[in-house]
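S.K.: Pasting in a structure now, in structure tokens, and then I'll have a few things to ask.
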Amino acid sequence: MERDSRKLIQLLERDGWVRVAVRGSHWQFKHPDHAGRITVPHPNRDVKRGTVASIYRQAGWKPRRD
8 MERDSRKLIQ LLERDGWVRV AVRGSHWQFK HPDHAGRITV PHPNRDVKRG TVASIYRQAG
68 WKPRRD
């Protein structure tokens, strides 16, 4: 699983997620076909493993074991 916030954001944008809000150091993304928002702490090179797992789950992705 990717733990760099910049790369997580690239993955989200490539999957169709659009940044809709910035609240301090957190960026929020929304997808036209999915309900809800995903919040990504940015800039953060070492996002906590549980936060990354939550982002993957909300995006509907399968986590890769690295």
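Counting from 8, one number per residue, gives the positions in the sequence shown under the working numbering.
Every residue gets a Cβ at the ideal spot worked out from N, C-alpha and C, and that includes glycine.
Given a cut-off of 8 Å, decide if L15 and V54 are closer than it, judged by their beta-carbon atoms.
M.R.: Contact flag set, yes.
S.K.: To the nearest angstrom, how far is it from the Cα of D22 to the Cα of D40?
M.R.: About 11 Å.
S.K.: Should S32 go down as buried or exposed, given a rule of 16 or more other Cβ atoms within 10 Å for buried?
M.R.: S32 comes out exposed.
S.K.: Given this structure, state the Cα-to-Cα distance separating K69 from R10, to the nearest angstrom.
M.R.: K69 and R10: Cα-Cα distance of roughly 15 Å.
S.K.: So, with DSSP's three-state summary, where would you put V54?
M.R.: Residue state, collapsed to three classes: coil.
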